[in-house]
Amino acid sequence: MLKGKHIILGITGSIAAYKAAVLCRLLVREGAEVRVVMTPLAKQFITPLTMATLSKHPILVEFFNPENGEWNSHVSLGEWADCLLIAPATANTLAKMVHGIADNLLLTTYLSARSAVAVAPAMDLDMYAHPATQRNLDELRSRGVAVVEPAEGELASGLSGKGRMSEPEDIVRFVDALLSEKKKSLSGKRYVVTAGATIEAIDPVRFISNHSTGKMGYAIASALAARGASVTLVSGRTTLPVPAGVERLDVLSADEMYRATVEAFADADGAVMCAAVADYTPAEVADRKLKKSDDDMVIRLRRTRDIAAELGRTKGGRILVGFALETDNEAANAADKLRRKNFDFVVLNSLRDAGAGFRGDTNKITLIDHAGEEPLPLMSKSEAAERIVDKIENITTARA
Ligand code: C5P
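According to this note's numbering, the sequence shown is numbered sequentially starting from 8.
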């Protein structure tokens, strides 16, 4: 499966490094050429001799060979590789990757790599669940780094939970899928994704907005791009970086988002409407800062245009996916939106579910189409994005 593929296996200082021996042997057995780069601490967990024997090449740790001063070039390693696989990846290495810290050969190799990059995190459950680690993983995902989710189970600390490195067989399967063409299943397709909150000006200083962070829409844009699609992300206010391979159009108001999205949809194969668009906007925008007085103030609001409904009207055979964020009567409201806006399916999240909706890194969604409902368990927003894109891909294939 991996015949002739060049893989750099990066090993960091985690107890799960013992599994890297089996992982290396499996990669070689699948036909891959493997070069092992270890962090200095990794040598405490598994011997260079073991890894050199299994990979059939000397392992690399230092920038120079101390005996003859020979330079271990991370640049040529980065060019040679089809995949840099860091397994196990510690919280420390993940954090350094996020910040571009380059204090060992593995990190400089990461910075030089032009190849696919995958990480298999391994750490204690609390370290894994910590917002710092989760944020780092999300940042890496948004740059196109593939994350092999750790498994739940017994940990070296004696505790039990999520943080165990995936089993070597699963990691090999993951790398194989990453390097094979099936991951590029949407190449040649063009999608528009709306994300984030719109901002409706009251005067030059104040505005009306909402709590949307844009995380779900950004995760969907990133997942579509990872499968080879061209993606235009029409983004309201957010603090998120532009995902790798995605073209972002920044907009502020619902009216601006309407114009940008309708224009981008003209030559698209589909759209995912993830933005939290204001339903009302101030009827008049004051051109100077409104002065306060002792009286109450009334701001008259007018309806904005419904972007999704407009795309639904003109979509023809193209795919249109909508979101429904509900607080009550969830399924009935979502089903109503499906029909009214002519969506192919609706992603329902309920604010009544813990871990769903705004701000967080997780979501609990139900996919609703004309045939029925598919409730999914609580998962990270990037995993939820993969499931949404799987459904888009299935519809695309069925219509081809
Ligand atoms: O009607 P409601 O706002 O609940 O519908 C939500 C869906 O419609 C979401 O997919 C949202 O992005 C989209 N929408 C839109 N333009 C609007 C309002 C909602 O695209 N003006």
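All residues carry an ideal CB built from backbone N, CA and C; glycine is no exception.
CB contact flag (residue i, residue j, <9 Å)
| i | j | result |
| --- | --- | --- |
| Ala94 | Ala123 | no |
| Glu333 | Ser260 | no |
| Lys191 | Gly235 | yes |
| Pro157 | Asp368 | no |
| Met58 | Ala88 | no |
| Ser385 | Gly362 | Inspection of the sequence shows that residue 385 is occupied by Leu rather than by Ser. Their beta carbons are under 9 Å apart, which means Leu385 touches Gly362 by this criterion. |
| Leu166 | Leu132 | yes |
| Gly168 | Ala129 | no |
| Ile409 | Leu193 | With the chain represented from 8 up to 407, any question about residue 409 goes unanswered, as that position is not in the structure. |
| Phe52 | Gly20 | yes |
| Val35 | Ile15 | no |
| Gly224 | Thr403 | no |
| Arg312 | Ala290 | no |
| Ala230 | Ala392 | yes |
| Pro211 | Lys299 | no |
| Leu247 | Thr201 | no |
| Asn349 | Ala331 | no |
| Val284 | Ile209 | no |
| Met134 | Ala23 | no |
| Thr155 | Val199 | Reading off the sequence shown, one finds Val at residue 155, where the question assumed Thr. No, they are not a contact pair. |
| Gly85 | Ser119 | yes |
| Arg309 | Glu337 | no |
| Leu92 | Thr116 | no |
| Asn111 | Thr205 | no |
| Leu67 | Arg42 | yes |
| Val279 | Ala267 | no |
| Gly221 | Cys281 | yes |
| Ile372 | Leu383 | yes |
| Leu30 | Pro175 | yes |
| Tyr287 | Ile215 | yes |
| Lys145 | Lys388 | First, the residue type needs correcting, since residue 145 is Asp and not Lys in the sequence shown. Yes, the pair counts as a contact, with Cβ atoms nearer than the cut-off. |
| Ala125 | Ala98 | no |
| Glu317 | Val249 | no |
| Arg197 | Ala275 | yes |
| Arg406 | Gly324 | yes |
| Ala271 | Leu256 | yes |
Below-9 Å beta-carbon distance, residue i vs any chain D residue
| i | result |
| --- | --- |
| Val354 | No chain D is present in this structure, which holds just one protein chain. |
For residue i, three-class secondary structure by DSSP
| i | result |
| --- | --- |
| Phe352 | strand |
| Thr54 | coil |
| Lys298 | coil |
| Arg171 | strand |
| Thr46 | coil |
| Gly319 | helix |
| His81 | helix |
| Pro289 | strand |
| Leu144 | helix |
| Glu156 | coil |
| Ala331 | strand |
| Val305 | coil |
| Glu381 | strand |
| Ile314 | helix |
| Leu30 | helix |
| Leu345 | helix |
| Val41 | strand |
| Ile399 | helix |
| Thr60 | helix |
| Ser164 | coil |
| Asn336 | coil |
| Ser387 | strand |
| Ser357 | strand |
| Thr373 | strand |
| Gly66 | According to the sequence displayed, residue 66 carries Ile and not Gly. Ile66 falls in the coil class under three-state DSSP. |
CB-CB length for residue i against residue j, believed under 8 Å
| i | j | result |
| --- | --- | --- |
| Asn75 | Leu101 | Not quite, the Cβ-Cβ distance comes to about 33 Å (not below 8 Å), so this is no contact. |
| Asp351 | Ile326 | 5 Å |
| Gly252 | Ala232 | 4 Å |
| Gly203 | Ser242 | 5 Å |
| Glu37 | Met8 | 5 Å |
| Gly17 | Leu113 | 5 Å |
| Gly329 | Ala339 | With a Cβ gap of about 15 Å, Gly329 and Ala339 do not count as contacting. |
| Leu345 | Val353 | 5 Å |
Mind pulling the alpha helix (DSSP H) runs of 4 or more residues that sit fully within the region 249-286?
261-272
Contained beta strand (DSSP E) runs [length at least 3] in the region 173-248, N- to C-terminal order
197-202 and 237-242
Ignoring anything shorter than 4 residues, give me the alpha helix (DSSP H) runs that lie fully in the region 88-135, in order along the chain.
98-106 and 112-119
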